[in-house]
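With UniProt numbering, letter number 289 in the first sequence gets 289, and the count goes up by one each step, no holes. Working notes, structure below.
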Amino acid sequence: MMEEQARIMQALSGVTLAGHSVQGGMGLPPPHGHEGTDGDGRKQDIGDILHQIMTITDQSLDEAQAKKHGLNCHRMKPALFSVLCEIKEKTGLSIRGAQEQDPPDPQLMRLDNMLLAEGVSGPEKGGGSAAAAAAAAAAGGGADSSIEHSDYRAKLTQIRQIYHTELEKYEQACNEFTTHVMNLLREQSRTRPISPKEIERMVGIIHRKFSSIQMQLKQSTCEAVMILRSRFLDARRKRRNFSKQATEILNEYFYSHLSNPYPSEEAKEELAKKCSITVSQVSNWFGNKRIRYKKNIGKFQEEANLYAAKTAVTATHAVAAAIHNSQANSPTTPNSGSSASFSLPNSGDMFMNMQSLNGASYQGAQVGDNVQSQGDTIRHAISQTVGYNDGLRHPMYSPHSLNGNGGWHGAPTPSSVTSPNEGPGSVHSDTSN
DNA sequence: GGCGATGATTGTAA
DNA sequence: TTACAATCATCGCC
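And the structure:
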């Protein structure tokens with residue numbers, strides 16, 4: 001302490017009070033009757049003031065108060081404080097100042113980015129987030145998943161609210177504390193040398209402290225979001241059986257394309273839309289179905305018969321309707337949206353193909369797979385309904401399209417969905433190849 | 001609780 | 001990338 005005092009005294013003794021005219025010309029009267037007309041006199045003057053400042057703690061309270069008041073009123077005080085501030089700037093504070101130039105914290109940036117991506121920070125978008133929407137889309141888009149999705153969104157909104165409330169609190173506290181400290185320092189600057197720069201620096205320190213608290217808040221929020229997200233994703237992992245209707249649609253497609261049960265991307269998309277599941281779920285379903293069908297054809301016989309009959313009934317109705325339309329000389333009249341809604345040309349093709357398939361020329365490799373698959377269905381359905389039996393290995397149904405290795409022939413995938421349930425406007429011809 | 005059915009995942013091959 | 005095959009994990013029925 002004494003060393004510091006000596007250093008300051010020494011510094012002051014030789015200093016030119018930059019920016020403050022303590023040298024000749026000011027005409028300042030000596031504080032204690034000293035005649036300070038030359039440099040030595042002024043030095044002595046400043047020395048006295050400093051001595052009084054340094055020894056103020058040794059005095060009684062009243063004495064100190066009186067001295068303090070005297071010093072405060074001293075006309076040299078601003079200049080002296082200015083010099084002290086300058087010295088402070090040039091010594092310790094400048095070192096601290098260099099340390100303050102922190103680069104942006106990468107961790108904080110990561111946290112900010114994540115909070116923004118999750119929809120916690122940034123502009124509110126209906127309380128949800130893109131991540132939640134994507135997660136919900138991946139979940140399959142069913143009713144259950146939308147319940148989970150809304151639950152996820154509600155929880156995320158809760159996190160968001162807590163985050164913003166806490167953030168607001170921190171900011172308010174930071175501002176209050178900053179104002180308080182600034183006032184305090186301004187107040188103190190009357191009795192000790194504090195430059196505006198120093199106040200500014202102090203404000204910076206306070207802000208940094210508060211931003212570190214904010215970072216903790218952000219980190220906690222991120223953790224909460226991660227936990228919520230993982231729980232949500234875990235919930236999605238739970239297997240849920242598809243709806244009966246969805247399974248029927250998929251089965252109908254499968255058995256009506258048995259010779260080539262590989263739906264194209266478009267077909268998958270259409271099936272996904274119809275079944276309210278995702279395309280990947282359609283792919284999974286077909287993958288599972290193919291393998292399980294192949295492994296145990298016998299087991300699926302009944303199912304195949306069922307769907308074939310269903311398809312045939314639908315087709316028969318369509319044909320009947322078409323014939324009726326034809327007889328009524330109104331071939332372009334569409335069906336009125338009933339289940340028997342195949343268009344005439346398609347149904348006609350099916351029957352023609354079926355007739356050709358009854359003959360000896362029935363070769364999967366020779367006939368377009370889609371045509372063949374429709375032939376499968378119709379022939380099978382007819383066999384079931386009218387006792388048709390072509391003497392194939394399986395009395396009711398034959399997986400003739402499976403090759404020797406138990407795999408399907410590598411036929412091109414159909415371009416679109418052909419479902420017996422489709423309306424007149426949405427029938428896609430599988431015979432187009 | 002056992003068991004079959006079924007949707008999802010993973011590793012591999014083409 | 002896609003399909004296959006094996007496997008896992010859960011569902012739903014008994």
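Just so you know, even glycine gets a beta-carbon here, dropped at the ideal spot from N, CA and C. For clarity, every value in this text was computed on a predicted model and none was experimentally measured.
Which residues in the same chain have their Cβ closer than 8 Å to the Cβ of Gln219, if we skip the five residues on either side of it in sequence?
Indexing the first sequence from 1 puts residue 219 at position 219. Closer than 8 Å at Cβ, skipping near neighbours: Leu111.
Identify the continuous alpha helix (DSSP H) that holds Pro81 and give its terminal residues.
Translated into the one-based positions of the first sequence, residue 81 becomes position 81. For the sequence presented, residue 81 should be read as Phe rather than Pro. That run of the alpha helix (DSSP H) goes 77-90.
Quick check: the stretch 247-264 against the stretch 283-292, are at least 3 beta-carbon pairs closer than 8 Å?
With the cut-off at 8 Å, the stretch 283-292 and the stretch 247-264 touch.
In the DSSP assignment, the alpha helix (DSSP H) including Gln65 goes from what residue to what residue?
On the first sequence, position 65 is the one that residue 65 refers to. Unbroken alpha helix (DSSP H) run through Gln65: 61-73.
Do the CB positions of Ile213 and Val181 come within less than 8 Å of each other?
Your numbering for residue 213 matches position 213 in the first sequence. Your numbering for residue 181 matches position 181 in the first sequence. Not closer than 8 Å, so no.
Taking the straight line between their C-alpha atoms, what separation do you get for Gln216 and Asp62?
Position 216 of the first sequence, counting from 1, holds the residue named residue 216. Position 62 of the first sequence, counting from 1, holds the residue named residue 62. C-alpha separation (whole angstroms): 48 Å.
With distances taken from CA atoms, which of Ala224, Pro193, Asn175, Glu118 is nearest Ala203?
Mapped onto the first sequence, residue 203 falls at position 203. The sequence given here has Val at residue 203, not Ala. Among Ala224, Pro193, Asn175, Glu118, the Cα nearest to that of Val203 is on Asn175.
Which word fits Ala360, buried or exposed, when buried means at least 16 other C-beta atoms lie within 10 angstroms of its C-beta?
On the first sequence, residue 360 is found 360 positions in, with the first residue counted as 1. Because Ala360 carries a pLDDT of 30, less than 50, the predicted location of this residue cannot be relied on, and the following value inherits that uncertainty. Classification of Ala360: exposed, given that the 10 Å Cβ count is below 16.
Restricting to Cα atoms, I'd like to know which of Cys85, Asn260, His257, Ser280 is closest to Glu269.
The residue given as residue 269 occupies position 269 in the first sequence. Closest by alpha carbon: Ser280.
Helix, strand or coil: which one does DSSP assign to residue 441?
Nothing can be reported for residue 441, as the shown portion of the chain is limited to 1 through 433.
What residue from Glu118, Lys289, Cys222, Glu266 has the CA that sits closest to Leu258's CA?
Position 258 of the first sequence, counted from the start, is the residue given in the question as residue 258. Of Glu118, Lys289, Cys222, Glu266, the residue nearest in Cα terms is Lys289.
Leaving out the 5 sequence neighbours to the left and right, which residues in its chain are closer than 6 Å to Leu84 when beta-carbon positions are compared?
Numbered from 1 along the first sequence, position 84 holds the residue referred to as residue 84. Around Leu84: Pro193.
Straight-line CA distance for Gln52 to Ile87?
Numbered from its first residue, the first sequence carries residue 52 at position 52. Numbered from its first residue, the first sequence carries residue 87 at position 87. Their Cα atoms are separated by approximately 19 Å.
Among Gln301, Tyr293, Thr221, Tyr255, whose alpha-carbon lies nearest the alpha-carbon of Glu118?
Within the first sequence, numbered from 1, the residue matching residue 118 stands at position 118. Measuring from the Cα of Glu118, the nearest candidate turns out to be Thr221.
Just to confirm, is the Cβ distance from Pro263 to Tyr253 under 8 Å?
Taking the first residue of the first sequence as 1, we reach residue 263 at position 263. Taking the first residue of the first sequence as 1, we reach residue 253 at position 253. Yes, Cβ-Cβ distance for Pro263 and Tyr253 is below 8 Å.
Under a three-way DSSP split, which group does Leu258 fall into?
Within the first sequence, numbered from 1, the residue matching residue 258 stands at position 258. Correct three-state label for Leu258: coil.
Any idea if residue 447 is buried or exposed, counting beta-carbon neighbours within 10 angstroms, 16 or more meaning buried?
In this structure the chain extends from 1 to 433, so residue 447 is not present and cannot be described.
Ordered along the chain, which non-local residues of its own chain (more than five positions away) have a Cβ less than 6 Å from that of Ser195?
Walking along the first sequence from the start, residue 195 turns up at place 195. The answer, listed in chain order, is Cys85.
How would you write the range of the alpha helix (DSSP H) that Asp112 sits in, first residue to last?
In the first sequence, the residue the question calls residue 112 occupies position 112. Residues 106-117.
Using the Cα positions of Lys299 and Leu115, report the straight-line distance between them to the nearest angstrom.
Walking along the first sequence from the start, residue 299 turns up at place 299. Walking along the first sequence from the start, residue 115 turns up at place 115. Roughly 52 Å separates the two Cα atoms.
Is the beta carbon of Glu303 closer than 8 Å to that of Asn251?
One-based indexing of the first sequence puts residue 251 at position 251. One-based indexing of the first sequence puts residue 303 at position 303. Taking 8 Å as the Cβ cut-off, Asn251 and Glu303 qualify as a contacting pair.
On the three-state DSSP scale, how would you describe Gly122?
Taking the first sequence and counting its residues from 1, one reaches residue 122 at position 122. The answer is coil: DSSP assigns Gly122 none of H, G, I, E or B.
Measuring only the C-alpha atoms, how far is Arg201 from Thr178?
If you number the first sequence from 1, residue 201 lands on position 201. If you number the first sequence from 1, residue 178 lands on position 178. Near 11 Å, if we compare the C-alpha coordinates of Thr178 and Arg201.
Counting along the chain, where does the alpha helix (DSSP H) carrying Arg292 start and finish?
Your numbering for residue 292 matches position 292 in the first sequence. It spans 279-295 - the alpha helix (DSSP H) in which Arg292 sits, taken as one unbroken run.
Nearest to Lys169 by CA position, among Phe210, Cys73, Ile159, Glu89, is which residue?
Along the first sequence, one-based indexing puts residue 169 at 169. Looking at the Cα atoms, Phe210 is the closest of the given residues.
Taking the alpha-carbon positions, what's the Leu185 to Ile199 distance?
Taking the first residue of the first sequence as 1, we reach residue 185 at position 185. Taking the first residue of the first sequence as 1, we reach residue 199 at position 199. Cα-Cα distance, rounded: 7 Å.
Buried or exposed: Ile159, going by 16 or more other Cβ atoms within 10 Å of its Cβ?
The residue labelled residue 159 in the question sits at position 159 within the first sequence. Flag for Ile159 reads buried.
Might you give, ordered along the chain, the residues of its own chain that have their beta carbon closer than 6 Å to the beta carbon of Cys275, omitting 5 neighbours on each side?
In the first sequence, the residue the question calls residue 275 occupies position 275. The answer, listed in chain order, is Ala246, Ile249.
Give a single yes or no on whether Glu200 has its beta carbon closer than 7 Å to a heavy atom of the ligand MN.
Here there are no bound small molecules, and the ligand MN is not part of this structure.
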